[in-house]
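Enquirer:
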């Protein structure tokens, strides 16, 4: 399990870091990066690697909590990490989105509820198919 989390962390970190660099290359063509700002990009990548590479798999695949707790925990961590990542990327951009943080929280919770519904439906179907295959043997 630790090996799986480590692999997932580094994959998510690398993809996020490259994705941010590609987006910055497209939208900020002639800008140069300073070393301290590069560390901000590393910080953003670490935030997303922890959230999507460790926290989500641990919470949704290995935790035995009630679904409502999983939704609340993942929503709070997701919105907190996202807001902190925006602040690391640009404090000015953070000031622009600050008035809509409540709406972002609501949308995040609704998104997690909808995502959980579809995930649980898919997982139940997968488990049902696996059990049916075992019964056929």
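Residue numbers (this note's numbering): 11 to 147. Note that beta-carbon positions come from the ideal geometry of N, C-alpha and C, so glycine has one too.
Assign residue 58 to one of two classes, buried (16 or more other C-beta atoms within 10 Å of its C-beta) or exposed (fewer than that).
Expert: So residue 58 counts as buried.
Enquirer: Do you know offhand how far residue 118's Cα is from residue 85's?
Expert: Cα to Cα, the separation comes out at about 6 angstroms.
Enquirer: Take residue 27 and list the residues in its own chain whose beta-carbon comes closer than 6 angstroms to its own, dropping the five residues that flank it on each side.
Expert: Counting only Cβ-Cβ distances below 6 angstroms, and skipping sequence neighbours, we find 55.
Enquirer: Could you please give the first and the last residue of the uninterrupted alpha helix (DSSP H) stretch that includes residue 29?
Expert: Segment 12–37, the alpha helix (DSSP H) holding residue 29.
Enquirer: Does the distance from the C-beta atom of residue 61 to that of residue 87 stay below 9 angstroms?
Expert: A contact, by the Cβ cut-off of 9 angstroms.
Enquirer: DSSP three-state label for residue 118, please.
Expert: Residue 118: helix per DSSP, three-state reduction.
Enquirer: At what residues does the alpha helix (DSSP H) containing residue 166 begin and finish?
Expert: Because the chain spans 11 through 147 in this model, residue 166 falls outside it and cannot be assessed.
Enquirer: Find out if the Cβ-Cβ distance for the pair residue 126, residue 81 is shorter than 9 angstroms.
Expert: Their beta carbons are under 9 angstroms apart, which means residue 126 touches residue 81 by this criterion.
Enquirer: Can you tell me whether residue 48 is buried or exposed? The criterion is at least 16 other CB atoms within 10 Å of its CB, across all chains shown.
Expert: By the 10 Å Cβ count, residue 48 comes out exposed.
Enquirer: Mind reading off the beta-carbon distance from residue 19 to residue 63? Whole number of angstroms is fine, and I expect it under 8 angstroms.
Expert: Confirmed, about 4 angstroms.
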